[in-house]
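Take a look at the structure below.
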Amino acid sequence: MKRLWALLKDKPRLWHIIFESDDPASKTFDLTVIVAIILSLVVAFVESMPSVAGLYKDVLTVLEYALTFFFTVEYALRIYCSPVKKDYVLSFFGIIDLLATLPLYLSFILPATKYMFILRAFRLIRIFRVLKLFAFINEGYLLLESIKRSLNKILVYFLFVIVLVTIIGTLMFMVEGQRPDSDFTDIPTSIYWAIVTLTTVGYGDITPVTTFGRFMSGIVMILGYTIIAVPTGIVSATMIDETKRKGVKGRCPRCNQKTDLDANYCKHCGERL
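Okay, so the sequence shown: first residue is 3 according to the numbering used here, each after it adds one.
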């Protein structure tokens, strides 16, 4: 107990254990959190299966209370030992930590009888705990940073796809919509067909019957393969750029944290310097 109290007073050491992973204590803490995350997901999955959840209701309830207590203490400790508490609270993983802790507490506020369906929706928020696993994977920083830097390009591309399916859907309505008993009853339905066809899903619930309509369908299907590949290429190119990016002013090129000038690897994320 004295050692625990002394550790709570030593904020730099506590911060190192919680946020770092380069010594036995830090690795033990990370492993404990990962096990708790996986266990919480197992509990959530089992609770969604009524036939199984009914048999282990008491066990699942105890586990959920224990896990919620654990994640609450973890969240509080992260805030407590953070040098700039606002930076952690408003960070991506800080928000994820909060969302992973809230559902059980919300169930005490909302009436369980009238709003049970809302509570079940809130409990699904626990699935966000899986996102915390990225905090323990070095490559997770690279992936998240690449997606972040590619977001503007992807949004512009997404807007282009929306315009494209609107044009294709309108053209198909002009070609197929005038025929009797046509599946292309209106422009929104035709746009839905364009989205399904362009993404190569192909439900087959709406099909063209005219020769020109089938020709256009073939073009859209072939176009779909190139459309799907573009976002992947954007993120892949950004990931390559990220791996080649050099650190500036003693900071890691991946996580942008301060590093030792003579270090070969970043002590925060493991990136080679």
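The beta carbon of each residue, even a glycine, is placed where N, CA and C say it ideally should be. Note that this is a predicted model, so its numbers are computed, not measured.
Per-residue DSSP class, three states only, for residue i
| i | result |
| --- | --- |
| Met-241 | helix |
| Arg-15 | helix |
| Ile-81 | helix |
| Tyr-90 | helix |
| Thr-70 | helix |
| Arg-5 | helix |
| Val-211 | coil |
| Met-176 | helix |
| Met-218 | helix |
| Asp-24 | coil |
| Val-45 | helix |
| Leu-153 | helix |
| Thr-279 | This structure does not reach residue 279, given that the chain is present from 3 up to 275, and the question cannot be answered. |
| Leu-10 | helix |
| Tyr-57 | Looking at the sequence provided, one finds Leu at residue 57 rather than Tyr. Of the three classes helix, strand and coil, the one that applies to Leu-57 here is coil, per DSSP. |
| Tyr-205 | coil |
| Pro-182 | coil |
| Met-280 | An answer regarding residue 280 cannot be provided, because it is not within the stretch 3 to 275 covered by the chain. |
| Ser-148 | helix |
| Ser-50 | coil |
Residue burial classification, residue i (beta-carbon count within 10 angstroms, cutoff 16)
| i | result |
| --- | --- |
| Asp-183 | exposed |
| Val-222 | buried |
| Ser-53 | exposed |
| Met-218 | buried |
| Ser-109 | buried |
| Thr-70 | buried |
| Phe-119 | Confidence in Phe-119 is poor, its pLDDT being 49 and thus under 50, which makes the residue's placement unreliable; the coordinate value appears in the next sentence. Per the 10 Å Cβ criterion, exposed. |
| Gly-215 | buried |
| Thr-115 | Only weak support is given to the placement of Thr-115: the predicted model assigns it a pLDDT of 45, under 50, and the value that follows is read from those uncertain coordinates. Classification for Thr-115: exposed. |
| Pro-2 | No statement about residue 2 is possible, as the shown extent of the chain runs from 3 to 275 and does not include it. |
| Ser-93 | exposed |
| Lys-11 | exposed |
| Ser-42 | buried |
| Val-35 | buried |
| Gly-56 | exposed |
Whether residue i touches residue j by CB criterion (8 Å)
| i | j | result |
| --- | --- | --- |
| Ile-193 | Thr-168 | yes |
| Leu-200 | Leu-225 | yes |
| Arg-181 | Thr-240 | no |
| Ile-208 | Asp-185 | yes |
| Phe-31 | Ile-39 | no |
| Tyr-58 | Val-44 | no |
| Thr-103 | Thr-63 | no |
| Ile-236 | Ile-164 | no |
| Tyr-77 | Asp-99 | yes |
| Leu-9 | Arg-15 | yes |
| Glu-66 | Leu-106 | yes |
| Val-61 | Tyr-159 | no |
Open item on the list: Between the stretch 143-153 and the stretch 164-177, can you find at least three pairs of beta-carbon atoms closer than 8 Å?
Closed with: Contact annotation: the stretch 164-177 does not touch the stretch 143-153, with fewer than three C-beta pairs closer than 8 Å.
TODO: Would you be able to state if there are at least three C-beta pairs under 8 Å between the stretch 82-99 and the stretch 22-40?
DONE: The answer is no - the stretch 82-99 does not touch the stretch 22-40, with fewer than three Cβ pairs under 8 Å.
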